[in-house]
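Numbers 93 to 690, taken from the working numbering, label the letters of the sequence shown in order.
Where is the CB? At the ideal position from N, CA and C, for every residue including glycine.
As the structure is a computational prediction, the values presented were derived from the model and not from experiment.
Everything below concerns the one structure shown next.
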Amino acid sequence: MNLGFTTARGWSGHRAGWAHTRSAATAAQGDNGGVRDDAPVRRYDVVVIGSGFGGSVAALRAAEKGYSVAVLEAGRRFADHELPQTSWRVRRFLWAPALGCLGIQRLTLLRGRRGAGMLVLSGAGVGGGSLVYANTLYRPPPEFFSDPQWRDITDWQAELAPWYDLAGRMLGVTTYPDDTPADVAMRAVAERMGAGGTYRPTPVGVYFGEPGRTVPDPYFGGAGPDRAGCLHCGACMTGCRHNAKNSLPKNYLWLAERAGAAVVPRTTVTAVRPAAGGGYQVTAVATGPGPRRRRVYHAGQVVFAAGALGTQRLLHAMRARGDLPRLSDRIGHLTRSNSEAILGASVPARAAKRRGLAFHQGVAITGSFHPDARTHIEPVRYGEGANALGLLQSALVAGGPARPLRWLGALLRAPHLIVHRTWVRRWSQRTVIALVMQSLDNSVTVRWRRAWYGRRRLLAEPGTGEPNPTWIPAGHRAARLLAEQIGGYPGGAITEAFNVPLTAHILGGAVIGADPSRGVVDAYHRVFGHPGLHVLDGAAVCANLGVNPALTITALAERAMALWPCRGEPDPRPPLGEPYRRVEPVPPAHPAVPAGAL
Ligand SMILES: Cc1cc2nc3c(=O)[nH]c(=O)nc-3n(C[C@H](O)[C@H](O)[C@H](O)COP(=O)(O)OP(=O)(O)OC[C@H]3O[C@@H](n4cnc5c(N)ncnc54)[C@H](O)[C@@H]3O)c2cc1C
Ligand code: SF4
């Protein structure tokens with residue numbers, strides 16, 4: 093089968109653009125459901141599914157190497173002023189396309205058996221999770237690099253070090269420069285937990301120039317956009333409307349589009365299958381309610397970067413339908429929540445007003461500490477008026493038997509707090525969220541199961557390692573101390589009371605492994621069994637990081653793309669299926685950033 097290679101070891105591809113030579117109906121090979129016979133096939137060398145961290149790196153680096161690239165993104169494109177002013181702007185904040193909400197915040201309930209379910213927060217839109225994320229860009233601790241899943245392949249810490257450096261420069265990582273009211277409270281908690289010495293300001297991807305002042309591109313030697321200094325308004329997680337957050341449309345995607353990549357918003361990929369004659373057929377539909385027009389793309393190389401859940405969903409579906417029959421049966425294994433919980437403490441509204449509390453000041457995350465070697469806690473905030481997610485907060489109840497009953501008991505014992513919790517006015521100003529993450533070995537296995545109503549869906553079961561934590565004692569202790577510290581009450585996500593933890597950092601499910609019996613992709617992120625397919629997003633990450641994952645996803649993608657050949661050149665990597673060997677990075681033929689500027 094010809095998959096776009098000019099020789100056994102050399103890559104080529106098709107020129108970008110439109111081809112009317114084959115109809116979509118022919119190309120889709122039996123796909124039904126309203127494919128228009130005359131739908132043109134759009135041909136590219138590389139199709140990237142999703143425009144988050146992994147997808148944006150893939151788009152830029154492939155374009156720099158001379159490939160024609162299309163990035164298919166389910167979400168819409170936002171200009172800064174179109175981002176939601178607060179989380180109450182539901183159509184721009186929340187993702188529910190069937191209802192016409194094409195917002196930046198996805199909320200997905202991953203159903204599970206025996207405590208394996210979780211509520212997953214993720215991003216949508218051109219820029220993926222970077223639109224909604226909290227800018228925090230930590231490197232993970234050493235245990236991540238020596239996880240048994242991948243430590244036998246190479247010395248990951250050494251091999252990834254230059255790519256973390258590059259990712260950090262591209263995302264403009266700098267240390268948060270101020271001390272905020274939330275840091276003062278959280279540092280006191282750290283001290284009471286005997287970990288005051290570990291408290292430190294976060295590394296963040298934000299431009300801190302003169303607040304509000306616009307300057308010419310400060311990062312890419314003039315190749316990037318103008319930027320403006322951060323206002324410390326705390327609104328990063330409803331999308332920065334002030335041009336200060338280093339989201340992907342300000343760096344990787346900006347440069348990728350100028351290097352020739354086509355970014356196609358509102359386009360949800362539904363199928364990827366080998367095309368007759370070589371390469372892959374990628375089928376997509378227009379995102380949103382109403383009649384969904386189908387679009388068909390063809391590419392020699394397809395990069396899955398739809399986020400850990402989005403990529404898994406596509407791969408599971410393609411395997412179940414027999415479209416990608418040689419996929420490893422490790423799909424869904426080692427799906428991780430980053431061993432996470434989202435807790436916090438709030439002060440009742442009247443007291444907070446009297447005391448003039450302003451916990452929303454700062455960027456979304458400004459500091460963090462380690463109550464023990466494997467647990468990491470960060471104070472998090474939303475901006476003024478962004479109070480909608482306060483509705484998810486409820487009484488904090490420790491794990492163990494009869495937890496929902498104990499939760500009910502906690503509510504009944506303090507009925508006045510029910511009112512405080514549901515009255516979310518000024519919630520962001522009077523709340524410090526505590527994001528708890530752990531670098532422990534726990535996971536779930538996600539399977540593709542038929543639901544009672546007939547359709548297939550993702551279903552989580554307990555996986556390898558420890559069970560996924562439904563509560564984290566050190567996190568609960570921190571939330572209770574935080575409540576004491578600020579004179580408020582502790583809280584956790586309402587789903588936690590039903591043993592469904594909340595995570596913003598879902599990872600894994602199509603992880604790197606030495607061979608198809610151990611992973612879904614090889615150490616170059618190539619999908620075992622299907623040459624030309626790649627996974628470059630959070631799905632490839634094989635272990636809990638205990639820190640926020642975006643920098644790691646970016647660094648992994650940078651490394652993987654650096655090993656791609658330039659268009660038409662020989663491929664330095666061993667053929668798919670052969671053992672790993674270290675190869676030299678291939679410099680881009682047409683760098684997007686002037687030499688020496690980064
Ligand atoms: C509120 C919040 C705060 C966060 N804060 C931080 C932080 O401070 N630091 C950090 O490191 N991480 C943070 N994260 C996590 C971070 O956003 C993710 O880890 C990261 O974005 C994952 O990158 P990715 O490349 O795997 O995919 P994503 O960035 O999730 O991008 C995937 C993209 O693919 C699109 N997509 C999905 N399915 C399809 C399909 N079928 N067809 C086409 N497109 C599709 C999605 O719309 C999305 O745009 C946060 C997450 C949330 C929700
Ligand atoms: S604090 Fe405000 S101005 Fe600064 S990055 Fe976040 S949203 Fe933008």
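- The stretch 537-549 and the stretch 445-463 do not touch, with fewer than three beta-carbon pairs separated by less than 8 Å.
- Relative to ligand 1, even the nearest heavy atom lies 6 Å or more away from the CB of T556.
- Taking all protein chains in view, the Cβ of P176 is crowded by 16 or more other Cβ atoms within 10 Å, so the residue is classified as buried.
- For ligand 2, a non-hydrogen atom lies closer than 6 Å to the CB of H334.
- For K157, the three-state secondary structure derived from DSSP is coil.
- For R428, the closest of S520, R446, S535 by C-alpha to C-alpha distance is S535.
- Secondary structure note for E251: its alpha helix (DSSP H) is the uninterrupted segment 248-262.
- Residues G475 of the same chain have their beta carbon placed closer than 6 Å to that of C325, with the five preceding and five following residues left out of the count.
- The beta carbon of A287 sits closer than 7 Å to the beta carbons of F461, H462, P463 from its chain, once the five residues preceding and following it are set aside; these are given in chain order.
- Secondary structure of M285 (DSSP, three-state): coil.
- By the C-beta density criterion, G669 is exposed, having fewer than 16 other C-beta atoms within 10 angstroms.
- Looking at the DSSP output, V212 shares a beta bridge with T200, T595.
- Residue range 386-396 is occupied by the beta strand (DSSP E) that includes R387.
- When the Cα atoms are used, G436 and F620 turn out to be separated by approximately 42 Å.
- As summarised for the stretch 497-531, the continuous beta strand (DSSP E) elements at least 3 residues long and confined to that stretch are 523-530, given in chain order.
- Sequence-distant partners of A543 (beyond 5 residues in either direction) whose C-beta falls short of 6 Å from its own C-beta, in its chain, are R549.
- Pairwise C-beta distances place the stretch 213-226 in contact with the stretch 319-335, as three or more of them are shorter than 8 Å.
- Here A490 is exposed: its Cβ has fewer than 16 other Cβ atoms, across all protein chains shown, within 10 Å.
- Rounded to the nearest whole angstrom, the CA to CA distance from P317 to L483 is 37 Å.
- Exposure of P493 is indicated by the presence of fewer than 16 other C-beta atoms within 10 angstroms of its C-beta.
- Proximity to A367 across L164, Q453, G555, V388 peaks at V388, based on C-alpha coordinates.
- In this structure the stretch 606-626 lies against the stretch 402-420, because at least three pairs of beta carbons, one per stretch, are closer than 8 Å.
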